[in-house]
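Residue numbers (our numbering): 30 to 193. What follows is one structure encoded as structure tokens, with my remarks underneath.
Right, here's the structure in full:
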């Protein structure tokens, strides 16, 4: 994917905003040095910073916060036609959230190697994903339970469901 000169200038503006937000987040001690913004039609829809420490929530990563905020603003559970810009390559959790939100493109500044160099090493999770559930550091043990299948059956048969 190539970026035109006009898009490049616009992108630089948003990259600067993401950088400023991540720097401010470090100074304010709300969470790690991470920020993300969601853009649609050249306009800022929402922003998010890492709020793990402030919210005492391990899922409050910048990308997840930005996605949640953007979905509220847009009144939708997907980011169709949106651009997500992050200060860092998304971790596996954020990557999953991004795929569920379906923006048209994601730009990021720092990569996972740089994040590991400052103590945010996602390689454990990337490695664990590829292991059979029972072999993971935190064992994931399937327990087939017939009553739990009822909700799945009802969903499958539901004719007026919103697919996502």
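Heads up, the beta-carbon is just placed ideally off N, CA and C, and yes, glycines get one too. Given the structure is predicted, the values throughout are model-derived calculations rather than measurements.
Residues bridged to residue i [DSSP beta-bridge criterion]
| i | result |
| --- | --- |
| residue 77 | 65 |
| residue 54 | Per DSSP, none; premise fails for residue 54. |
| residue 136 | 114 |
Helix, strand or coil at residue i according to DSSP, with G and I counted as helix
| i | result |
| --- | --- |
| residue 155 | helix |
| residue 37 | helix |
| residue 72 | strand |
| residue 170 | coil |
| residue 160 | coil |
| residue 181 | helix |
| residue 189 | coil |
| residue 131 | coil |
| residue 141 | helix |
| residue 49 | helix |
Cα-Cα separation between residue i and residue j, rounded to whole angstroms
| i | j | result |
| --- | --- | --- |
| residue 69 | residue 103 | 10 Å |
| residue 175 | residue 167 | 25 Å |
| residue 147 | residue 71 | 32 Å |
| residue 177 | residue 161 | 22 Å |
| residue 133 | residue 100 | 15 Å |
| residue 77 | residue 180 | 34 Å |
| residue 58 | residue 50 | 12 Å |
| residue 52 | residue 105 | 30 Å |
| residue 55 | residue 159 | 32 Å |
| residue 150 | residue 125 | 17 Å |
Cβ-heavy atom distance, residue i to the ligand NAD, below 7 Å
| i | result |
| --- | --- |
| residue 178 | The model depicted lacks the ligand NAD and carries no ligand whatsoever. |
Would you call the stretch 145 to 158 and the stretch 184 to 192 touching, i.e. three or more CB-CB distances under 8 Å? no
Run through the stretch 83 to 129 for me and flag every whole beta strand (DSSP E) of 3 or more residues, listed as ranges in chain order. 111 to 117
Decide yes or no for the touch test of the stretch 139 to 149 against the stretch 118 to 126: beta carbon pairs closer than 8 Å, at least 3 of them. yes
Decide if the stretch 85 to 103 is in contact with the stretch 51 to 64; the criterion is three or more beta carbon pairs, one per stretch, under 8 Å apart. yes
Any 3 or more C-beta pairs closer than 8 Å across the stretch 124 to 136 and the stretch 94 to 107: yes
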